[in-house]
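Participant: Just dropping this structure here.
Chains as they are written, first to last, in our numbering: chain F, 6 to 343; chain Y, 81 to 384; chain X, 166 to 514.
What follows is the structure in structure tokens.
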């Protein structure tokens with residue numbers, strides 16, 4: 006690529022050092038994000054997807070968290086080595102984040118308008134009056150009906166969907182380049198979820214933002230993402246264009262996930278579940294972390310950890326048999342299943 | 081990324097690591113974290129010594145605390161009398177040692193009586209809710225509204241002869257509400273858990289639900305508080321006795337010693353210092369023990 | 166199609182009715198005041214819900230948060246007492262039972278909870294948790310046989326019987342959910358109410374638990390009431406589906422009817438909003454995005470409860486609440502004056 010990506014994560018390692026041992030939450034994570042692009046980070050609990058978001062934002066609890074290596078480049082500059090003042094300026098202004106639980110992310114004792122306006126007062130040095138006006142504008146922009154009348158209301162006076170909109174308003178207040186959304190619709194009802202996702206997508210196009218969508222929901226991802234990085238046990242297992250991944254997964258984990266979810270547009274046959282459990286982060290299997298659950302695993306998978314390499318043009322997979330899985334020319338090993 | 085060339089098959093055979101079966105019962109669980117807590121060890125050792133002192137004072141001194149020849153009164157600490165002697169000429173070291181019994185006895189009796197009341201009332205109020213809860217709640221508020229020391233002061237003032245039993249009784253009367261409230265809150269949060277609903281759905285009787293599901297899970301915070309409360313009561317007893325409404329002569333108690341020493345603070349400071357150190361040490365040990373217990377038993381406070 | 170056509174598409178139409186629910190109502194009073202409490206209203210959590218559950222069948226109940234589906238589960242378990250209505254279990258009035266009779270009846274209806282972390286007592290071993298039903302109902306298994314029976318149950322739900330002495334915290338979420346299922350199975354119930362049994366689990370584990378539930382149904386002839394907010398999960402497991410909105414059923418029909426040709430506007434919006442894990446359908450599916458949020462259940466709209474968000478609503482909807490009945494041209498029952506199947510939003514291939 007000739008241009009510098011907006012955000013680039015290179016070989017990131019994050020550990021949690023606890024009494025019961027060192028948990029390797031992220032083991033060599035790589036991805037990049039360009040302006041106007043939506044990258045979905047897909048993973049189950051413990052896959053390290055939320056830790057990734059927290060590390061980029063610099064809100065990881067340290068200790069027990071510890072960045073053991075790697076770089077996070079924002080427009081080519083490593084934010085992990087920046088001083089705190091510079092970093093704080095970046096946070097909220099250039100890179101901002103929305104959380105799953107809007108109720109606990111908003112301050113319950115301050116009016117929502119005040120909380121939105123705070124962004125302009127703190128970072129732009131605006132006076133109260135104009136800041137409040139900007140807050141009302143933003144509330145209208147994120148689709149809160151009667152914004153002028155509700156600017157003085159408190160978070161608990163809003164419904165879940167409206168609260169999420171308010172959090173989005175705060176996040177986009179200063180026109181960030183990168184917006185990280187950590188499970189933004191998981192706590193919402195389906196009908197409201199659709200509204201909020203639509204809003205996020207609109208705002209992204211308007212502002213040409215890079216959006217990192219962190220989720221476990223394969224449905225939401227298919228609807229909005231451009232690129233997907235599938236995480237498992239702190240690593241990217243597969244990364245590719247969204248159409249590619251759903252059509253021709255090149256990693257057995259992705260393949261297993263896609264086959265195991267019930268679909269609304271299909272009548273139910275028996276689901277093909279992935280056997281077993283995700284590995285414990287303090288006791289990682291050798292070789293490929295997915296090998297104990299993988300129907301195709303061989304001795305090679307136990308001894309050697311596969312690198313994230315292309316299975317096809319622009320389609321990366323961390324599997325020794327990436328081409329075979331991609332082409333669908335691999336058969337499950339019987340002894341591996343037993 | 082590093083290449084791993086070693087073939088380590090054992091790590092991949094099973095995804096259920098063969099953990100040794102850890103007992104998760106209330107006490108086993110608590111013990112595991114307690115024995116690693118230096119504060120707990122310190123307070124446990126101190127309390128062991130103090131309680132032995134209360135039970136078998138003769139192990140610590142061969143002097144008779146009631147042998148008080150006036151000719152050796154008001155002596156400074158010396159090799160013969162470690163803590164000196166008091167106004168009557170009694171050996172002060174043995175008097176302080178023998179004083180442990182009454183203080184610790186009152187502390188334990190009051191704390192455990194309150195615990196008993198709290199468990200019963202807290203369980204009933206928190207589990208059944210409704211009017212039972214309302215009545216018990218108002219009663220608790222009523223007693224709670226009376227300041228602890230003031231209430232005890234007034235009550236004890238009208239009792240002519242005050243022994244351990246009387247003082248303990250009055251302290252229980254004014255002391256139970258705090259623990260009952262704590263217990264009720266704890267029961268309330270456990271009652272909302274789904275495993276309680278599951279037991280109800282299975283048709284379990286209320287008494288069994290309380291015994292098997294509620295009590296073991298709700299007891300944590302109050303058990304810790306009982307130890308802390310023992311310390312508070314010992315302090316309160318010393319205060320009341322010092323004020324002249326607690327235990328009376330000829331009983332031997334730290335409070336009485338403090339009371340009598342107040343007239344001689346400048347001339348004979350050792351009369352004040354030694355019982356004070358013992359009261360302080362005892363209260364401190366119980367409180368530390370209580371906090372250690374609370375942290376060990378109550379997982380919520382452990383998470384901090 | 167007419168009402169008779171319904172029976173041909175429902176494979177369980179001829180089976181015995183195990184659970185007959187009629188006009189179930191539960192309002193939670195809202196009280197205000199510190200000393201003297203007075204009632205200022207009521208949350209109409211469940212307001213006139215009727216349905217039948219047949220032997221071996223799975224009835225899915227879907228709805229968004231606050232629609233009353235969890236309250237409904239508690240009413241059916243008699244963990245809450247309804248204000249009105251009837252629940253008949255194999256013809257016997259379940260709500261009239263008391264004391265020992267109620268305890269005996271509880272064996273027949275069991276529940277599996279959503280949260281595998283709060284539904285198991287952390288202070289009890291797995292053996293004690295699954296064995297508890299037998300200590301409550303002593304006549305089911307002799308005391309000496311309990312341990313063996315518990316081991317059998319562990320095996321049935323796919324856990325290692327040797328782990329009988331372990332404690333819940335030593336298991337993962339999915340395994341804990343299996344323990345909850347084993348407890349629910351212990352007394353050989355006829356009906357199991359599954360209250361969001363997989364929503365707290367990871368995607369790759371959800372499928373394992375759903376497969377287990379299906380296997381157990383086939384093996385023991387269980388009837389399920391499967392409550393969930395995830396429409397894909399409900400579709401996968403259910404034979405018939407009831408859609409709930411603000412304490413009332415909006416639509417009730419077979420899985421094929423509801424997902425193939427939803428007739429109630431709410432069902433249509435709900436189905437169209439569910440994202441499909443297939444990027445090639447992006448932009449090709451008709452999506453009905455509803456305005457606003459569900460109204461407050463303490464103060465529901467007059468007439469049809471959905472009318473405030475409905476694009477079809479007229480003045481008539483505000484006056485007359487629509488009944489849940491089979492209307493001409495539609496095979497399933499829908500509570501809408503203007504019910505009309507819409508295949509454009511149907512979630513079919």
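For each residue, glycine too, the CB sits at the ideal point set by N, CA and C.
Determine which residues share a DSSP beta bridge with residue 359(X) and list them.
Facilitator: 277(X), 391(X)
Participant: Quick check on residue 435(X) - is its C-beta less than 8 Å from some C-beta in chain F?
Facilitator: Closer than 8 Å to some Cβ of chain F, the Cβ of residue 435(X) qualifies, so yes.
Participant: With distance defined between alpha-carbon atoms, name the residue in 371(Y), 157(Y), 130(Y), 145(Y) nearest to residue 300(Y).
Facilitator: For the residues 371(Y), 157(Y), 130(Y), 145(Y), the minimum Cα distance to residue 300(Y) belongs to 371(Y).
Participant: Since I believe residue 195(Y) is in contact with residue 306(Y) (beta carbons under 8 Å), could you give me their beta-carbon distance rounded to a whole number of angstroms?
Facilitator: A Cβ-Cβ distance of about 5 Å is found for the pair residue 306(Y) and residue 195(Y), placing them in contact under the 8 Å criterion.
Participant: Compare the beta carbon distance of residue 164(X) and residue 191(X) with 8 Å and say whether it is the shorter of the two.
Facilitator: Residue 164(X) lies beyond the residue range present for chain X, which begins at 166 and ends at 514; the question has no answer from this structure.
Participant: Can you tell me the Cα-Cα spacing of residue 363(Y) and residue 186(Y), whole angstroms?
Facilitator: 13 Å
Participant: Which of the residues in the stretch 362–393 of chain X, read from start to end, lie with their CB under 8 Å from any CB of chain F?
Facilitator: 367, 368, 369, 370, 371, 372, 373, 375, 376, 379
Participant: Is the CB-CB distance between residue 243(X) and residue 180(X) below 8 Å?
Facilitator: no
Participant: Would you verify that the beta carbon of residue 273(Y) is, or is not, closer than 8 Å to some beta carbon of chain X?
Facilitator: yes
Participant: Hey, would you say residue 123(F) sits closer than 8 Å to residue 141(F), going by beta carbons?
Facilitator: no
Participant: To the nearest angstrom, how far is it from the Cα of residue 430(X) to the Cα of residue 192(F)?
Facilitator: A direct Cα-Cα distance of roughly 23 Å separates residue 430(X) from residue 192(F).
Participant: Using C-beta distances below 7 Å, list every residue in its chain close to residue 324(Y), excluding the 5 sequence neighbours before and after it, in chain order.
Facilitator: 339
Participant: Ordered along the chain, which non-local residues of its own chain (more than five positions away) have a Cβ less than 6 Å from that of residue 198(F)?
Facilitator: Excluding sequence positions up to five before and after residue 198(F), its CB lies within less than 6 Å of the CB of 190, all in the same chain and listed in chain order.
Participant: Within the same chain, show all residues whose beta-carbon is closer than 6 Å to that of residue 194(X), passing over the 5 residues directly before and after it, in chain order.
Facilitator: 204, 207
Participant: If you follow the alpha helix (DSSP H) that residue 124(F) is part of, which residue opens it and which one closes it?
Facilitator: 117–129
Participant: Is residue 135(F) buried or exposed, if buried means 16 or more other CB atoms sit within 10 Å of its CB?
Facilitator: exposed
Participant: DSSP has residue 153(F) in a bridge; who is on the other side?
Facilitator: According to DSSP, residue 153(F) bridges with nothing at all.
Participant: Identify every run of the alpha helix (DSSP H) within the stretch 138–188 of chain F, keeping only runs that are complete inside it and at least 4 residues long; order them along the chain.
Facilitator: 152–155, 165–177
Participant: Classify residue 101(Y) as helix, strand or coil using the three-state DSSP reduction.
Facilitator: No answer about residue 101(Y) holds up, because its pLDDT of 46 lies below 50 and its placement is not dependable.
Participant: Which runs of the alpha helix (DSSP H), 4 residues or longer, sit entirely within the stretch 286–373 of chain X?
Facilitator: 291–301, 311–321, 338–350
Participant: List the endpoints of the continuous alpha helix (DSSP H) containing residue 421(X).
Facilitator: 420–425 is the span of the alpha helix (DSSP H), which, as asked, contains residue 421(X).
Participant: Any residues in the stretch 273–293 of chain X with a beta carbon nearer than 7 Å to a beta carbon of chain Y? Which ones, in chain order?
Facilitator: 275, 276, 278, 280, 283, 284, 285, 286, 287, 288
Participant: Of all the CB atoms in chain X, is at least one closer than 8 Å to the CB of residue 218(F)?
Facilitator: No, because no Cβ of chain X sits closer than 8 Å to the Cβ of residue 218(F).
Participant: Could you tell me whether the stretch 289–305 of chain F touches the stretch 388–401 of chain X, where touching means 3 or more Cβ pairs closer than 8 Å?
Facilitator: no
Participant: Less than 8 Å between CB atoms is the rule here; does residue 92(Y) satisfy it with respect to chain X?
Facilitator: With a pLDDT of 30 at residue 92(Y), under the threshold of 50, the predicted position of this residue should be treated as unreliable, and no value is reported.
Participant: Buried or exposed: which applies to residue 107(Y), given that a residue is buried once 16 or more other Cβ atoms fall within 10 Å of its Cβ?
Facilitator: exposed
Participant: Counting beta carbon pairs with one atom in the stretch 437–451 of chain X and one in the stretch 171–189 of chain F, are three or more of them shorter than 8 Å?
Facilitator: no
Participant: Could you name the residues of the same chain whose beta carbon sits closer than 7 Å to that of residue 143(F), not counting the 5 residues immediately before and after it, in chain order?
Facilitator: 121, 174, 178
Participant: Just the C-alpha distance for residue 268(Y) and residue 267(F), rounded to the nearest angstrom, thanks.
Facilitator: 38 Å
Participant: At the 8 Å Cβ level, is residue 346(X) part of the contact set with chain Y, yes or no?
Facilitator: no
Participant: Apart from the five residues just before and just after residue 365(X), which ones in its own chain have a Cβ nearer than 7 Å to its Cβ?
Facilitator: 279, 280, 281, 338
Participant: Mind checking who residue 321(F) pairs with in its DSSP beta bridge?
Facilitator: 244(F), 315(F)
Participant: Within the stretch 457–506 of chain X, note down every full alpha helix (DSSP H) run reaching 4 residues or more, in order along the chain.
Facilitator: 480–484
Participant: Please list the partners that residue 416(X) has in chain F, where partner means a Cβ-to-Cβ separation under 9 Å.
Facilitator: Within chain F, no residue comes near residue 416(X); the closest Cβ sits about 15 Å away, beyond 9 Å.
Participant: Leaving aside the five residues before and after residue 172(X) along the sequence, list all residues of the same chain whose C-beta is less than 7 Å from its C-beta, in chain order.
Facilitator: Legend: pLDDT at residue 172(X) = 43, less than 50; position of this residue unreliable, value from coordinates given subsequently. Contacts found: 178.
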